[in-house]
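Following: one structure in structure tokens, then a few remarks.
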Amino acid sequence: MADTGDVAAVAAAAAAAAEASARPAGNAQPLAGRVAIVTGASRGIGRAIATHLSSLGASVVLGYASRADEADALAASLPREVAVRADVSDEAGARSLFDAAESAFGGGAHILVANAGVMDDTYPAVADTTTEAFDCVLAVNLRGAFLCLREAANRLPRGGGGRIVAVTSSVVGSLPPRYAAYTASKAAVEALVRTMAKELRGTRVTANCVAPGATATDMFFDGKSEDMVRRAVEICPMERLGEPGDIAPVVGFLCTDAAEWVNGQVIRANGGYV
1 MADTGDVAAV
11 AAAAAAAAEA
21 SARPAGNAQP
31 LAGRVAIVTG
41 ASRGIGRAIA
51 THLSSLGASV
61 VLGYASRADE
71 ADALAASLPR
81 EVAVRADVSD
91 EAGARSLFDA
101 AESAFGGGAH
111 ILVANAGVMD
121 DTYPAVADTT
131 TEAFDCVLAV
141 NLRGAFLCLR
151 EAANRLPRGG
161 GGRIVAVTSS
171 VVGSLPPRYA
181 AYTASKAAVE
191 ALVRTMAKEL
201 RGTRVTANCV
211 APGATATDMF
221 FDGKSEDMVR
231 RAVEICPMER
241 LGEPGDIAPV
251 VGFLCTDAAE
261 WVNGQVIRAN
271 GGYV
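Pasting the structure below:
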């Protein structure tokens with residue numbers, strides 16, 4: 001297994017880089033007056049996305065499942081944020097995020113970033129994956145995304161500014177062994193989002209996916225040996241792990257008016273991994 005001190009140091013460095021790179025240069029505020037919902041926002045990629053969208057002027061609903069201390073601390077550090085505990089795999093939980101946007105900011109959400117996700121950190125082969133483990137991954141990654149996407153399709157404003165971004169994964173392209181449930185869940189989300197982009201014809205609501213590669217987050221490091229982490233670095237042409245701050249600006253761009261012509265796409269932000 002990876003040395004916990006080394007893993008913690010890498011994770012801390014990645015978090016610091018994320019906070020720095022999540023803030024754009026200058027005082028550009030392309031999302032001023034808009035409300036964004038980010039699920040899985042208490043840490044990792046979701047935290048960097050929420051921070052970046054705030055820096056672009058958005059008010060943000062920080063959806064989280066269990067990290068109340070981290071979510072509350074993030075909300076306290078940003079100017080227009082509210083943290084909402086919600087189980088996205090539950091219909092009422094997904095709905096509560098959109099209700100919170102209306103009650104906290106006096107209007108409905110303009111943006112959904114469906115980022116919440118889990119992974120089986122024992123990395124079983126398909127032959128060894130239990131039904132319970134499979135269902136757990138799909139409950140959050142697929143059902144949770146579906147419930148939030150459905151809510152967004154019905155509640156985001158028409159006529160401009162409506163944005164849906166699902167954070168998926170580049171494993172959909174690389175298909176590594178022992179990631180089957182996770183890969184299947186993310187592949188299904190990509191199909192949902194690309195279908196929605198066509199179903200939302202005429203609304204000017206765009207729907208896209210951002211698919212990170214190996215990124216230095218707690219979820220990435222969980223259960224991985226030092227050798228597994230090293231191989232992830234070696235396989236990337238950039239010769240490093242991604243950082244949350246590498247992903248946040250890609251999501252941020254897709255949420256702006258400048259990205260309206262990008263619709264129904266899967267953008268792999270992975271340093272050339274696949």
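Once you know that position 196 of the sequence shown is 196 in full-length UniProt numbering, the rest is easy, because the numbers rise by one and skip nothing. Virtual Cβ for every residue (Gly too), placed ideally from N, Cα, C. Keep in mind it's a predicted model, so treat the numbers as computed, not measured.
### Query
Are A71 and A58 touching if we call contact CB-CB under 7 angstroms?
No. Outside cutoff.
#### Entry: Check whether I37 and I247 have beta carbons under 7 angstroms apart
no
### Query
Does the count of Cβ pairs from the segment 181-197 and the segment 253-271 closer than 8 angstroms reach three?
yes
### Query
Residue ranges of each beta strand (DSSP E) run of no fewer than 3 residues wholly in the segment 208-236, ordered along the chain?
none
### Task
For my contact list, Y64 and S42 are in at a C-beta cut-off of 8 angstroms; report their separation, rounded to the angstrom.
4 angstroms
### Query
If you check the beta carbons only, do D137 and V118 fall under 7 angstroms apart?
Note on identity: in this sequence residue 137 is Val, with Asp being the wrong assignment. Yes, the Cβ-Cβ distance between V137 and V118 is below 7 angstroms.
### Message
Using the Cβ count rule (16 or more neighbours within 10 Å means buried), how would you classify S54?
### Response
buried
### Task
Out of G213, L56, A152 and F98, point me to the one whose CA is closest to L241's CA.
G213
### Message
I'd like the list of long-range same chain contacts for M238, defined as Cβ closer than 6 angstroms, with 5 residues on each side in sequence excluded.
### Response
Only G271 meet the Cβ criterion.
### Residues of its chain near E151, where Cβ-Cβ distance is below 7 angstroms and the 5 sequence neighbours each way are ignored
A94, R95 and F98
### Message
Tell me which residue opens and which closes the alpha helix (DSSP H) that R155 is part of.
### Response
A145 to R155
### Query
In chain order, what residues of the same chain lie with their CB nearer than 6 angstroms to the CB of V193, ignoring the 5 residues before and after it?
A166, A207 and C209
### Task
Name the two residues that bound the continuous alpha helix (DSSP H) containing G245.
P244 to L254
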